[in-house]
Amino acid sequence: MKLDRINIKTGIGIVSLILAFIVPVILGINQYLLTVLIITLVFIIYSSAWNLLALSGQASLGHAAFFGIGGYVSAIITNSLGLPPIVAIFVGGFFAAFIGILIGFTCIRMREWFLAMVTFGFAIIAHTITTELPWLTGGWDGIPAKRLISVTITNYIMYEYYIMLLIAVAVVVIIYQLTKSRMGLALEAIRENELEAKVMGINVTKYKLMAFAVSAFFTGIAGALEIHHFGYITPEVYGMDISFWPIIYSISGGLFTIGGPILGTIVITFIWEILRTFGLMYERFILIGVILILIVIFLPRGLVSIPEKIKRSHP
Amino acid sequence: MDLSVLLQILVWGLYAGCIYILLAIGLNLIFGVMKVVNFAHGELLMLGAYAAFWIYTLSGINPYLIIALAMILLGIIGVFIERLCFRPIMGTGKLNEIFLSLGLIYLFQNLAALLWTTGSRSIHSPYSDVSVSIGSIRLPLDYIIIIVFTILFLIAFQLFMKRTTLGRAMRATSQNREAAALMGIHVERMDMLSFALGSALAAAAGSLWLISGQIANPYMGSIPAIKAFAVIIIGGLGSIPGAIVAGLTLGIAENVLPLFIQSFVGLFGVSMSFTAWKDTIAFFILIIVLVIRPTGIFGEKGE
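Protein chains in written order, with our numbering: chain Y, 3 to 317; chain G, -10 to 292.
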């Protein structure tokens, strides 16, 4: 029985992976569609990274800080040192991880609400520092960033899509392995009861910092990927909605699971893009807010828990 | 630095502090009774400001009289939020409260943008040209009225909490929910009341903010709300005197510190303006306090 369920899960995973790989083949090189898919992949990385930190019970409301730092560092070093973007994104990720450890140090002793406020504050601080250092960051106007694949290459968008897909798959696999490792178990134990975890001999500080570092690293990479896709970066990457998107995606998909952030990102992006075709603007955000409230109240374990719910009501 | 300039800024800080205090007291009350932190509190301030704006625009009566109406209106909205959103998730974990508040923030901000556009709204206070001179400094009358109003609100609130049966029941609920329920207090009604009162105080803050010449837009709530959180974190969750001290300190510090830093770096021949760092300074203070004392300065151990 248990084996069956695991098999179904791997089956769904493999099928969706194959689908993701052949989408450009089936639907052709559609600029709009591939752009949407690329952004979806970026946010799958981002949400999965946020979810990893949430696994330790630390819900950050300011992950845009890492997203933006990764993007800015990557953009600045590609512009000044001439590094190719594909290398620079990792430098951006490492820098974000470094900042993540620093922020983690201030946060590890805090309870949920305080941590939420302080991380939110760090995003605002990052925003102010960026706008106040125009010689480095271009101030409010931002700076250009090299494209991941040069636009002069034919079908560049397709290559970009496949690079993003490979990175996203790698990140999800790494995060999956981490959650199954000692670290993942330790993080869950810390979330359930920090004191008990400590008593059991888990080094709470070390694992919380590790969660911060890994989460910030992948978030930085996601940020760098996004700006190398768009070709520019402005302080808007520190916006409140950039911090909130991974939360919305993770919750609607299913917190603390691997599939949750992926499913949530895909479903919400799909709804979002459908609403866009109707030309709705504020209504979209209102709907997202309502969806979030309804999911927290009626489906606290997210969309991934629906099959289980159905099974339980029809045994 | 000129002394009169400093005094002027001090009054400005005092006035900003009053808004933070009103917000923080409401948050504190809700937290005390329900043990819930409403991150969408700033959106209640925004709705309060819009309520005041529309009542004023449609009726044209003295804006200071409108505050009471805006408070009642927001009190009703607060009851709905409590019943529909927070009650179903009570006791399911603190992360859920944070996430639910995010949903409320999205909902209210964009509803306001949809209904009333993102354009800035303002009210022309009848006293906006009047100012009181004390020595060399000139204080706008509106600031003084706001400071007086805040003091009156605080006294009324304190009297309500200490002298009335309802206030006592609310304090009992916040001290020990189970015991209060056993004593025959309808604790769920206390939840509703605390949310209504907290929302009404946010509406008072919002309408005072608007009347004093600030502009209203759908996104105006986030920054004051964050400051109010800083205030209750610094002052300690559940502590009203702490909130007053921290609110005034924050209001003054964030207005005076940029000037101090500016004149300090001026000593080294660097001329740089730090007014853009105002909000950042509030957060630095918050973070430093929390690093030293994760439960806040006046906060009790644990929560």
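We put the CB at the ideal spot given by N, CA and C, even for glycine.
query, result
"Proximity to Phe263(G) [Cα-Cα], best of Ala29(G), Ile87(G), Glu243(G), Ala13(G)", "Glu243(G)"
"Contacts around Ser90(G), its chain only, beta-carbon distance under 8 Å, and the 5 residues preceding and following it disregarded", "Val26, Asn27, Phe28, Ala29"
"Gly95(Y) vs Gly261(Y) beta-carbon contact at 7 Å", "no"
"Backbone secondary structure at Ser201(G) - three-state DSSP", "coil"
"Element boundaries [beta strand (DSSP E), containing Val121(G)]", "120 to 123"
"Three-way DSSP call (helix, strand, coil) for Tyr208(G) in this model", "coil"
"Three CB pairs or more closer than 8 Å across the region 285 to 305 of chain Y and the region 82 to 101 of chain G", "yes"
"Contact list for the region 253 to 275 of chain G against chain Y, Cβ threshold 7 Å", "Ala265, Trp266, Asp268, Thr269, Phe272, Leu275"
"8 Å Cβ cut-off: residues of chain Y touching Thr46(G)", "Going along chain Y, no residue has its Cβ under 8 Å from Thr46(G), so there is no contact; the nearest lies around 21 Å."
"Under 7 Å between C-beta atoms of Ile14(G) and Ala232(G)", "yes"
"Whole-angstrom distance between Val89(Y) and Ile151(Y), CA atom to CA atom", "13 Å"
"Alpha-carbon to alpha-carbon, Pro309(Y) and Ala5(G)", "51 Å"
"Of the residues Arg282(G), Phe273(G), Ile281(G), the one placed nearest Ala128(Y), counting alpha carbons only", "Phe273(G)"
"Candidates Leu83(Y), Gln33(Y), Tyr209(Y), Leu168(Y), of which the one nearest Gly186(Y) by Cα", "Tyr209(Y)"
"Beta-ladder partner(s) of Tyr234(Y), from DSSP", "Pro146(Y)"
"Between the CA atoms of Ala40(G) and Leu58(G) - distance to the nearest angstrom", "8 Å"
"Met60(G) burial status per 10 Å Cβ neighbour count (16 or more: buried)", "buried"
"Span of the alpha helix (DSSP H) around Ile174(G)", "No alpha helix (DSSP H) holds Ile174(G); DSSP gives it neither H nor E."
"Endpoints, the beta strand (DSSP E) within which Ile126(G) is located", "126 to 129"
"Buried or exposed (CB count within 10 angstroms, at least 16 for buried), His231(Y)", "buried"
"Opening and closing residue of the alpha helix (DSSP H) in which Asn293(G) lies", "For chain G, the structure presents residues -10 to 292; residue 293(G) sits outside this window and is missing."
"Within-7 Å CB hit, Trp52(Y) to chain G", "no"
"Short CB-CB distance (under 7 Å) between Glu196(Y) and chain G", "no"
"For Phe20(G) and Leu155(G), believed in contact at Cβ under 8 Å, the rounded distance", "Not a contact, Cβ separation roughly 18 Å."
"contact_flag[the region 66 to 79 of chain G, the region 180 to 195 of chain G] where n(CB pairs < 8 Å) is 3 or more", "yes"
"heavy atom of the ligand ZN below 6 Å from Ser183(Y) C-beta", "In the structure shown, the ligand ZN is absent, as is every other ligand, since no ligand is present at all."
"Three or more C-beta pairs below 8 Å linking the region 67 to 75 of chain Y and the region 90 to 110 of chain Y", "yes"
"Min CB distance Glu310(Y) to chain G below 7 Å", "no"
"Under the three-state DSSP convention, the category Arg110(G) falls into", "strand"
"Straight-line gap, Phe220(Y) to Ala51(Y) (C-alpha atoms, nearest Å)", "6 Å"
"Chain Y contacts made by the region 99 to 110 of chain G, where a contact means CB separation under 8 Å", "Asn99, Leu100, Ala102, Leu103"
"Interfacial residues, the region 237 to 255 of chain Y to chain G, with Cβ spacing under 8 Å", "Met242, Phe246, Ile249, Ile250, Ile253"
"Element boundaries [alpha helix (DSSP H), containing Asp243(Y)]", "242 to 255"
"Reduced DSSP secondary structure (H/G/I, E/B, other) of Pro52(G)", "helix"
"Proximity below 7 Å, CB of Ser120(G) to CB of Pro129(G)", "yes"
"Per-residue contacts from Asn85(G) into chain Y (C-beta, under 8 Å)", "Val298, Pro302"
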